[in-house]
DNA sequence: CTGAAAGCGCTTACAG
DNA sequence: CTGAAAGCGCTTACAG
C-alpha cells in the first residue's frame, strides 16, 4: 500500500488539506469538532507527515550540522551530547559530520555540495585557514567553535586559551614546581590549538618568573594519548628532568599519567600534571586529573543562539564571544595548601 | 538574491532542466559539449542542488538515523565514529538521536512523528520491550543493535554476551582466582545487557567449578564509572573479600581500578579485573585493562548491509546475526603464564 | 473558521 | 542525446 498523504487524511475526514495541515501543526483556530474528526482520521490512517515535503514548502529542514574531526574523541563526544540535547530543546535534530581532521574533510564542509539539507552549521575547524572559511557554503548560517582562525564575517565562540594555559602553568608554579614541561603539541606544524596553548604556557612561566626552556616542550608524533605517553617515555629515557607537565589536552595527560606511573614516578609528588577539557574520565583516573574546564554549556548555548538569529534573518558581521573556563583542581595537581 | 535553482542553470546554459539534472547527477549519456556548457553555468551561478527537492522526488533522503542512549558514553561515541565512516562510504549521512536511556525517549524513536526524514534506522535499545519495538515507525527500514530483546520481524546484530562473560570469568579462574566478583549491574531492575552478562558470569563460574556466591554481585546505583567505584568502596568497607572482578563494562572497570588503587590494593596481584567493550581508554589507564572486544566493525557492516537490503526493497522476516568477540588481555588480568 | 490553487525544487517516465 | 510535463507531499497567501 502506498504511504498515506495529507490528501488521504483530508478525504477521510471530509475537509481540505489546509485544515489537516492546521491540525497537524497545532494551529489553534480550528473548531474542536473538526480537530477531533481530523485527528481520528490521522490515527486511523497512521498518517506521518513527510519531512521532505514540509522542508521544500517551508524552506527549513529543522536540522543542524555538527562538524568536527572525530566523534570518538571524548571532548567531541561530550560536546555532541550536550549540543544534541540543547538543539533538541529548540526543535532541531543534529546531523553529525566528521572531517577526520583532514584538510579535504574540512574543505568539503565549507563548500558543501548540497543546499537545503540543514538550516545551520556548527563547525569546529582544526586546520582550515580563515580565508577559506570565509567563503563558506553558500548562504547557510554558520558558527565556528574553538580557537582556530575565525574570519570577521562569521560568528565564533571560544574560551581564552592563552589565559587558561597561563592559569594552569601559574598554578603549577605556585605548587613550587620549577621545571614545568608542556606536552602534546604536534611534532611538525602546529594546529592553532597547540599554538595558543603554548603561548599561554610561556606567559604563565613569565608571570612566575621561570625561564622558558625549549627542551621542556615535549611534542607528540600524533595528538593522542598513546603517542603522548610514548613521548614522555622517550623524554625520560633521554634524562629530561621535570617536576610538572602542562598537557595540551586530557588525552595527552592520560598518556602522561600512564608513562609516569610505568616508571614509578609519583603524581603529583614527583611530577604534577594538568589536563585540558575536563572530560568525564578526568575525575575517574588514578590519580584524578586537574584540568581546564571550558564552560561548554555557555559555549553551546551561544553558538545555538547566534545560529538561530542568523536562521531568522540576521545578516550582520560576525560576532565573536569568549566563554569562561575554570581550572578544576584534583589529585594530579592539587590546590596549594 | 534568491537561491539559484535547476531552472536558472537550464536557462543560462540554454538547455532543459532534464539535461542539467543529468549533468548534476553524473549521468553519462550527455554530449561533452553540453556537459561543459552546463557545468560552466553551474559554476557561474554557484548552483547547489536542493536536498529537499531531490528527496521529495526520489523518495530517499540519503540519511540514516543512529539511535542510542547517550553519545558521550565511550562505547557509543566509538561506535558512532565507526558507523559514520562506514555509512559515509556508502553515501549516507548520519542523524544522531539520543534517548537518554529513558523509556519515553526510546518510544519516541519507534513511533517517530515524521516520515521521509531518514531512509533507515540503526537503533540500540536499552529498555524497550520486544513487542513495542515490533511496531516500529511506519515502514522505515530498521536494524537493532545489542543484546536487547529483538522481535522476530526485525533485523538484529549482536555478539554472544553469555559466551563472552563466561570467557572473562573462566580466564580469571585460570589465573587462580577463586572469589570472582561481578560489578556494575543495576541495583534495581536489570537491563537486558546486565542480565545476559550475569548469566554468562554464572556459566563461567560453573565451568570453573566455582560456587556462585550472591554476596559477590556488586550492584551499582547507576550504570557509570563513578557509582561503580563507589560500590566497590562500600563493598570493601563491608569487608567483602574478592580476588577478581568481572565488570559489566569498561566504565565500571575504570571505577573499580580507581577504588582499588585508592585502598592500596594492587591490580592484578591482589585483584584482577576485566572490562567490556575495549574502549580506547582501556589500553591507556594504569594498569591497562583486559577487556571483551566486540567485533564492532563486523557488527556495523552487517547492520548497514541489512539496512541497505531493506531500503532496496527486501521485505522478509528479521535476520539475526551474531558477530565475534575477543578477550583482549592486558595488565589488569594478564595471560596465564 | 475553511477551501481551492499555486508553488517549493527536484526527478522521471514519456516522447521525440 | 534532449525536451515538455507531471508529480513527489507539503505550506501559504488569497478568497470566502
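Chains as they are written, first to last, in the UniProt record's numbering: chain A, 1 to 337; chain B, 1 to 337. Cβ atoms here follow ideal geometry from the backbone N, Cα and C, with glycine treated the same way.
Within its own chain, the residues whose Cβ lies closer than 6 Å to the Cβ of residue 120 of chain A, once the five positions on either side in sequence are excluded, are 64, 141, 307, 311, listed in chain order. At a cut-off of 8 Å between beta-carbon atoms, residue 281 of chain A makes contact with chain B. Of all residues in the region 184-200 of chain B, none comes within less than 9 Å of chain A when Cβ atoms are compared.
Between residue 55 of chain A and residue 116 of chain A, the C-beta spacing is below 8 Å. Nearest to residue 322 of chain A by C-alpha distance, out of A/164, A/60, A/259, A/264, is A/164. The beta carbon of residue 20 of chain A lies closer than 6 Å to those of 6, 9, 10, 38 in the same chain, with the five residues before and after it left out. Residue 261 of chain B has a beta carbon lying within less than 8 Å of a beta carbon in chain A. Shown here, residue 286 of chain B sits in coil according to DSSP, grouped into three states, outside any helix or strand. Taking 8 Å as the cut-off, the Cβ atoms of residue 62 of chain A and residue 105 of chain A do not count as close. Sorting A/100, A/82, A/114 by C-alpha distance to the C-alpha of residue 68 of chain A places A/100 at the top.
Judged by DSSP secondary structure, residue 23 of chain B falls within the alpha helix (DSSP H) whose first and last residues are 17-24. Counting along the chain, the unbroken beta strand (DSSP E) around residue 220 of chain A starts and ends at 217-220. Distance check between residue 299 of chain B and each of B/50, B/109, B/94, B/143 places B/143 closest, using alpha-carbon atoms only. Straight through space, the alpha carbons of residue 127 of chain A and residue 45 of chain B are spaced by roughly 28 Å.
Sequence-distant partners of residue 294 of chain B (beyond 5 residues in either direction) whose C-beta falls short of 6 Å from its own C-beta, in its chain, are 159, 325.
Excluding the 5 residues flanking it on each side, residue 154 of chain A has same chain C-beta neighbours closer than 8 Å at 133, 134, 136, 142, 143, 144, 318, in chain order. By the criterion of a C-beta distance shorter than 7 Å, residue 219 of chain B is surrounded in its chain by 185, 186, 187, 231, once the five residues flanking it on both sides are discounted.
At a cut-off of 8 Å, the C-beta of residue 68 of chain B has no neighbouring C-beta in chain A. The C-beta distance from residue 332 of chain A to residue 267 of chain A rounds to 5 Å, short enough to fall under 8 Å.
For residue 185 of chain A, the uninterrupted beta strand (DSSP E) run begins and ends at 180-186, by DSSP. Beta-bridge partners of residue 322 of chain A (DSSP): A/158. For residue 281 of chain A, there is no enclosing alpha helix (DSSP H), as DSSP gives it neither H nor E. If you draw a straight line from the Cα of residue 81 of chain B to the Cα of residue 239 of chain B, it comes to about 42 Å. Residue 275 of chain B sits in a strand when the DSSP states are folded into three classes. Think of a sphere of 9 Å around the beta carbon of residue 225 of chain A: the chain B residues whose beta carbon falls inside it are 280, 281, 283, 284, in chain order. When DSSP states are grouped into helix, strand and coil, residue 242 of chain A belongs to the coil group. Secondary structure note for residue 251 of chain A: its alpha helix (DSSP H) is the uninterrupted segment 250-262. Residue state for residue 200 of chain A is assigned as helix, using DSSP reduced to three classes.
Pairing residue 286 of chain B with residue 301 of chain B, the inter-Cα distance amounts to about 32 Å.
Legend: CB atoms of the region 234-256 of chain B lying less than 7 Å from CB atoms of chain A belong to residues 254, 255. Taken in chain order, the members of the region 84-115 of chain B whose beta-carbon sits within less than 9 Å of a beta-carbon on chain A are 84, 85, 88, 93, 94, 95, 96, 97, 98, 100, 112, 113, 114, 115. Close partners of residue 78 of chain B in chain A (Cβ separation under 8 Å): 72. Within the same chain, and ignoring the five residues on either side of residue 124 of chain B in sequence, the residues whose Cβ sits closer than 6 Å to its Cβ are 68, 145, 146. Your pair residue 87 of chain B and residue 114 of chain A does not check out as a contact, with CB atoms roughly 16 Å apart and the cut at 8 Å. Of B/216, B/110, B/107, B/77, the smallest CA-CA separation from residue 96 of chain A is found for B/77. Below 8 Å, too few C-beta pairs join the region 272-285 of chain A and the region 205-223 of chain A to call them touching: fewer than three.
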